[in-house]
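I have placed the structure first, in the form of structure tokens, so that the comments after it can refer back to it.
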Amino acid sequence: MYVVAAIGAFMAATRPNDDDLVLFHCARSHLSINMLEVGNLTLVQSLTLISNYLQKRDRPNSSYNYLGLAVRMALGLGLHKDFPRWKSNLLHEEMRRRTWWCLYIFDAGSTITFGRPLTIPSAGIDAKLPINTFDSNLTASTTSSPGNVESPTIYTNVRVQSQFHLLTTSLYNRIISKPFPSARQVLVWDDLYIGKWLKLVPEYYKEDAVVPERNVLAHAIMTWRYKHLRMVIYRPFLIQKALMASQHVSSQTSTGNSDGNSDTGSYSASSVFTEESCERCLRESHDTIRHVSNFWQNNPHTRMACWYALYFLFSATLVPVISLRNDPQSSKAGKWREDVEIATQVIKSMGELSTFSEKCVQTLEKLTVGYTRGNDGHDTAISEVGLIPDSTNESPITQILSMHSMMWPDLPDFSLEEQLWENTGLAYLQNMTTEQLYEWPQDETGGN
């Protein structure tokens, strides 16, 4: 009960306070090492909620440890399986399924957030998804299982997000493994797995559906989540393109051939697959920024809404920031600049709920000075030098590393650099010749 109260106090708050910490310390004081020797459903739920609370409190490693305990205990209790021959009431069976799938989506969501290997295996899970029904339809006295209702319930998002992770875990596993896949492969997997999931989403919960007020936040987060995964899988190709752009500019400067104009075609990737990957990354970024901005303007401001909106918005804004800094003379630079400015204003407005927002704004303003409009509404680059700015001399890797404390709060610098190098495929680029940089290796068989 204490941890439920702590989460409620933190998430429902409309201004920063530490009231939830007292409740959390009370909850933690009731835990003991002896509890790990006797598993039960309530303890799995408690450990999962503690993990979720700590993540929201920006303690990702502590959260990860509690979640690991919950996963092991749940597997030990067999929550990942259905046992048809068990003589148990329907509500108890459904509670097991709800607990398992909530644990599953918490684990998958946090794992992807921090770029870690998935903890829960995809194989061996046969527990049915929770029934999409109202609580009044399934009580302790219910003798026949109710069917799924065709409208949003508090279990709709659990079902939809569970299906999302079930279909995309193989894609995520491939992205974080070596060798990094080609653009062609990633495009095919996106259309296959994420495309299939989008078709499975019920009409009443699709991205453009109008949902009841209590479902609005969960519905929005699900939209941001799938778009975020798309950005994650395509971002390496955007960075690759930025690397080639920087390499082109450096070459022009060293040979004295720079005339101040950008000839993007001379250094852009020859692969149409790479170009399409970059376009999808930019499109999902743009859509996320606009979606979060619209949500923030039209819905109540709570800590919970702020926590999710800030994470997905800041992550999405990094895409146009990198693009704008490395190709400011692009015909799309105006759109990128507008996206960055909209995102920055929204993040500024979150200051009343999150002290973290100020750090995000400072980071964005530092990275985009000379590339976006100043506080007076004028384009700082034009007002200062009268010209469209040149691309930055700072490498994309260094630019992302400068955001280290924002995106990976508990990760040492050397670990972050290694993670970026591994997860974005940049380690692969290091060993390639200049000619090879223009094309990611293509697997004509389409295999893994």
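Per the numbering used here, the sequence shown starts with residue 125, numbered consecutively. We put the CB at the ideal spot given by N, CA and C, even for glycine.
Alpha carbon of residue i to alpha carbon of residue j, nearest angstrom
i      : j      : result
Leu155 : Val128 : 15 angstroms
Trp532 : Phe238 : Any reading at Trp532 is ruled out, since the residue's pLDDT is 42, under 50, leaving its predicted position unreliable.
Pro305 : Phe230 : 27 angstroms
Ile157 : Leu171 : 13 angstroms
Leu488 : Trp431 : 18 angstroms
Ala251 : Thr277 : 20 angstroms
Asn339 : Asn281 : 8 angstroms
Thr441 : Trp460 : 9 angstroms
Ile299 : Val356 : 9 angstroms
Gly248 : Glu408 : 33 angstroms
Per-residue burial, residue i [other beta carbons within 10 Å of its own, 16 or more giving buried]
i      : result
Trp210 : exposed
Gly163 : buried
His149 : exposed
Ala80  : The structure shown has nothing for residue 80, since the chain only spans 125 to 572.
Gln169 : buried
Asp259 : exposed
Arg220 : buried
Asn141 : exposed
Asp315 : exposed
Thr479 : exposed
Met125 : exposed
Gln421 : exposed
Lys302 : exposed
Pro208 : exposed
Glu274 : exposed
Asp143 : exposed
Asn256 : buried
Leu311 : buried
Ala366 : buried
Ser212 : exposed
Residue closest to residue i, alpha-carbon to alpha-carbon, out of the options
i      : options                           : result
Val443 : Ser473, Tyr432 and Glu403         : Glu403
Asn189 : Thr243, Ser473 and Ile278         : Thr243
Asp463 : Ile446, Pro208, Asn422 and Met474 : Ile446
Asn418 : Ile466, Val282, Asp250 and Ala130 : Ile466
His204 : Tyr228, Asn185 and Leu448         : Tyr228
Gly233 : Gln421, Leu367 and Ser175         : Ser175
Ile413 : Pro360, His352 and Lys365         : His352
Leu341 : Arg152, Ala429 and Gly202         : Ala429
Gln364 : Ser395, Ser187, Ala133 and Arg407 : Ser395
Asp411 : Arg354, Glu399 and Gly271         : Arg354
Thr202 : Asn272, Leu165, Arg152 and Gly271 : Here residue 202 is Gly; the residue named in the question, Thr, does not match the sequence. Among Asn272, Leu165, Arg152 and Gly271, the Cα nearest to that of Gly202 belongs to Leu165.
Residues of its chain near residue i, where Cβ-Cβ distance is below 7 angstroms and the 5 sequence neighbours each way are ignored
i      : result
Val284 : Val325, Tyr329 and Met346
Leu214 : Leu262, Thr266 and Ser269
Glu542 : Unreliable positioning characterises Glu542 in this predicted model, as indicated by a pLDDT of 44, which lies under 50. The coordinate reading is nonetheless provided below. Closer than 7 angstroms at Cβ, skipping near neighbours: no residue.
Val416 : Trp348, Ala433, Phe436, Leu437 and Val470
Glu331 : Thr347
Own chain, CB closer than 8 angstroms to residue i, minus 5 neighbours either side, in chain order
i      : result
Trp321 : Gln287, Phe288, Leu291, Thr292 and Tyr350
Leu160 : Leu193 and Met197
Leu173 : Val127, Val128 and Ile131
Arg139 : Glu476 and Leu477
Own chain partners of residue i with C-beta closer than 6 angstroms, once the 5 adjacent residues on each side are dropped
i      : result
Tyr358 : Ser401, Arg404 and Cys405
Asn297 : none
Tyr317 : Leu291, Thr292 and Leu295
Thr235 : Leu242
is_contact[residue i, chain C] using C-beta, thresh 8 angstroms
i      : result
Asp206 : In summary, chain C is missing from the structure at hand, where a single protein chain is found.
Can you find at least 3 beta carbon pairs, one from the segment 316–326 and one from the segment 344–362, that sit closer than 8 angstroms? yes
Could you say if the segment 257–272 and the segment 221–241 meet the contact criterion of at least three C-beta pairs nearer than 8 angstroms? Because the criterion of three Cβ pairs below 8 angstroms is not met, the segment 257–272 and the segment 221–241 do not touch.
Does the segment 483–490 come within contact of the segment 448–463, defined as at least 3 CB pairs closer than 8 angstroms? no
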